[in-house]
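What follows is one structure encoded as structure tokens, with my remarks underneath.
There are 2 protein chains.
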Amino acid sequence: MRWEDLDQQPCSLARTLAVVGDRWTLLILRDCFLGVRRFDAFEQRLGITRHVLTDRLKKLVSYGVLYKSPYQERPRREEYRLSEIGLELHPVILGLVSWGDKHMSDERGAPIVHIHKSCGQPMHPITHCSECGEAITAKDIKLKVAKKWQDELNEFLPIKKPLLKSLL
Amino acid sequence: MRWEDLDQQPCSLARTLAVVGDRWTLLILRDCFLGVRRFDAFEQRLGITRHVLTDRLKKLVSYGVLYKSPYQERPRREEYRLSEIGLELHPVILGLVSWGDKHMSDERGAPIVHIHKSCGQPMHPITHCSECGEAITAKDIKLKVAKKWQDELNEFLPIKKPLLKSLL
DNA sequence: AAATATAGGTTCCTTTTTAGAACTTGTCAA
DNA sequence: TTGACAAGTTCTAAAAAGGAACCTATATTT
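Top line first, the protein sequences correspond to chains R and A. Note that the UniProt record's numbering gives residue 68 to position 68 of the first sequence, counting from 1, and the numbers run on in steps of one. Note that the UniProt record's numbering gives residue 128 to position 128 of the second sequence, counting from 1, and the numbers run on in steps of one.
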């Protein structure tokens, strides 16, 4: 499978990875959520090569995750900002950070604390069901192939019966 | 910044990316959550080269995300299964899938539907605050640098005052 | 007994990506 | 006139990934 084919796969995860599926892209997005907006700021903070930074920013803009906003004319300068679509990646970033806080940090714990403005507490994210509001884990979910996708999925990514049952 | 340095960065996101920060690793984990366990099954479903698959499985085992479990002696064969730590990546996978369902799919919608076993409904994940239980978005969170990390963060990844305020 | 199949790799060589440094462009300030 | 700044582009070298063939231990088929 090639990079270019990823966003055509019959799988939403693969298609999302076509946009954010490399480490630089996710680190760029982390910085976006920290308020970083300018080419040279990304470059200095990340230690990324200009070549790759240009490429990733272009890709993020082309998928509508970031948009360019002029902050100066003559010479024209533009900064990169999170769109609404980009802001919706926040749960993903938060999930990755939270996992790292728990499983990858040393005795000092989380480097950055997330404060929930409305309750004022340091929080970590909990995933809930959109329908009943209950908190969920992997074991509370079963999967079903959507009818409209059945043929395509069976051809390219067949999924056996037991599905998530086999995790338990 | 090198791959090898990532898991030493003063940032939980960077450290998590040291484990899952490339597209193949996340696709392997997707298949794990679908119940795939064996080397050749991963290979066939993903179209990944054996070389890379070997490398990624080794890395996931070394970080404790997967563990090897013998399913046959003579010849000894082992399968790869999600550990408790690996299962805790479910919110991340679910977040990526949900974003793709919403922003990357065609008119047919989501290829795979997630059913919440206890309420029986097709669901998508909502991120809630662990402390007060309210649903949150990017704009409901502000960030604070943990005291113990202040010096290290200021040296390597200085964070300006406005933080998330600037997203709004 | 010999040939073939299977699972899970490893080796070798080629192509693609990334790193690292230097160069470019338009404008302003000293 | 020279230098600085932001946001790139271009060049070469190094690292990673792709692709195909080979390896090992055992079981099955001919």
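From the three backbone atoms N, C-alpha and C, an ideal C-beta is built for every residue, glycine too. Quick caveat: nothing in here was measured; it's all calculated off a predicted structure.
Under 9 Å from the C-beta of residue i: neighbouring residues of chain A
i	result
Ile126(R)	Pro91, Thr127, His128, Cys129, Ser130 and Gly133
Asp40(R)	Residues of chain A passing the Cβ test: none, with the nearest at roughly 14 Å.
Lys142(R)	His114, Ile115, His116 and Lys117
Thr137(R)	Leu87, Glu88, His90 and Pro91
Arg50(R)	The premise fails here: Arg50(R) is roughly 14 Å from chain A at the closest Cβ pair, so nothing lies under 9 Å.
Residue i versus residue j - alpha carbon distance
i	j	result
Ser105(A)	Ser12(R)	7 Å
Cys132(A)	His90(R)	19 Å
Lys58(A)	Gly47(A)	18 Å
Tyr67(R)	Val61(R)	5 Å
Glu4(R)	His128(A)	34 Å
Arg30(A)	Ser98(R)	19 Å
Cys32(A)	Ile112(A)	15 Å
Val19(A)	Arg74(R)	44 Å
Leu153(A)	Ile159(A)	8 Å
Val92(R)	Gln72(A)	37 Å
Lys117(R)	Gly95(R)	18 Å
Lys147(A)	Asp7(A)	20 Å
Leu26(R)	Pro70(A)	35 Å
Asp151(R)	Leu34(R)	43 Å
Trp24(A)	Leu53(A)	8 Å
Phe42(R)	Gly100(R)	22 Å
Val145(R)	Ala110(A)	9 Å
Arg56(R)	Gly21(A)	15 Å
Ile85(A)	Ile141(R)	17 Å
Trp65(A)	His103(R)	Checking the sequence shown, residue 65(A) turns out to be Val, not Trp. Near 10 Å, if we compare the C-alpha coordinates of His103(R) and Val65(A).
Trp149(R)	Ala14(R)	15 Å
Thr49(A)	Ala138(R)	28 Å
Phe39(R)	Arg108(R)	32 Å
Cys119(A)	Glu88(R)	25 Å
Ser130(A)	Ser130(R)	16 Å
His51(A)	Ile28(R)	29 Å
Residue i: CB within 6 Å of a non-hydrogen atom of the ligand ATP
i	result
Thr127(R)	Ligands displayed in this structure: none; no statement on the ligand ATP is therefore possible.
Beta-carbon proximity list for residue i, same chain, < 7 Å, skipping 5 on both sides
i	result
Arg37(R)	Glu79, Tyr80 and Arg81
Thr16(A)	none
Arg45(A)	Asp31 and Val36
Leu83(A)	Looking at the sequence shown, residue 83(A) is not Leu but Ser. Taken in chain order, the residues that qualify are Gly64, Val65, Leu66 and Tyr67.
Interface residues of chain R facing residue i [CB-CB closer than 8 Å]
i	result
Asp7(A)	Met104
Asp22(A)	Gly21, Asp22 and Arg23
Arg108(A)	Ala146, Lys148 and Trp149
Leu26(A)	Leu13, Leu17 and Gly21
Same chain, Cβ closer than 6 Å to residue i, neighbours up to 5 away in sequence not counted
i	result
Ile126(A)	Ala135
Cβ neighbours of residue i in the same chain (closer than 8 Å, five flanking residues each side left out)
i	result
Phe156(R)	Gln9 and Pro10
Ile115(A)	Gln121, Pro122 and Met123
Arg76(A)	Pro70
Chain-ordered chain A contacts of residue i [CB-CB under 8 Å]
i	result
Val145(R)	Pro111, Ile112 and Val113
Arg15(R)	Gly100, Met104 and Ser105
Proximal chain R residues relative to residue i, where beta-carbon distance stays under 7 Å
i	result
Lys160(A)	Gly35
Beta-carbon neighbours of residue i, restricted to chain R and to distances below 9 Å
i	result
Arg45(A)	Phe156, Leu157 and Pro158
Leu153(A)	Pro111 and Ile112
Within chain A, partners of residue i - CB distance below 7 Å
i	result
Arg30(R)	Leu13
Leu60(R)	What Leu60(R) touches in chain A: nothing, since even the nearest Cβ is about 13 Å away.
Kindly provide the ranges of any beta strand (DSSP E) runs that are 3 or more residues long and lie completely inside the UniProt domain "HTH hxlR-type" (11-108) of chain A, ordered along the chain. 66-72 and 77-82
When you check each C-beta in the segment 69-101 of chain A against every C-beta of chain R, which residues fall closer than 7 Å? Leu82, Ile85, Leu87, Glu88, Leu89, His90, Pro91, Val92, Ile93, Leu94, Gly95, Leu96, Val97, Trp99, Gly100 and Asp101
Curious, which full-length beta strand (DSSP E) runs of at least 3 residues does the segment 111-157 of chain R contain? 112-116, 125-129 and 141-145
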